[in-house]
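This report refers to the structure that appears directly beneath it.
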């Protein structure tokens with residue numbers, strides 16, 4: 009760490025978004041790896057993005073078990089609302 013730099017620790021946080029998730033800018037960054045974007049069921053119905061499962065470039069190439077070629081939503085993509093912060 010650089011001189012004078014203080015480590016900032018965040019507790020785990022789930023930021024939940026619904027059907028309008030795609031309207032967030034692509035430059036929307038989270039302050040810590042402990043902060044995650046999660047999806048709640050609120051309309052829509054297509055397949056949702058998944059977190060990277062490995063460091064680049066392998067993480068963007070992963071094919072998760074819930075991916076499908078019909079653009080159908082998968083239950084594994086959703087977080088119950090009571091787990092949102």
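In this note's numbering, the protein residues as written are 9 to 93. Glycine included, every Cβ here is placed at the ideal spot set by N, Cα and C. These numbers come from a predicted model, not from an experiment.
With 16 other Cβ atoms within 10 Å as the buried cut-off, status of residue i
i          : result
residue 31 : exposed
residue 46 : buried
Simplified DSSP state of residue i, which is helix, strand or coil
i          : result
residue 44 : strand
Residue from the options with nearest C-alpha to residue i
i          : options        : result
residue 80 : 54, 62, 61     : 54
residue 58 : 87, 19, 18     : 87
residue 37 : 56, 23, 17     : 23
residue 27 : 51, 69, 62, 72 : 51
residue 78 : 56, 89, 61, 62 : 56
Extent of the continuous beta strand (DSSP E) run through residue i
i          : result
residue 21 : 21-25
Distance CB(residue i)-CB(residue j) smaller than 7 Å
i          : j          : result
residue 74 : residue 66 : no
residue 18 : residue 40 : yes
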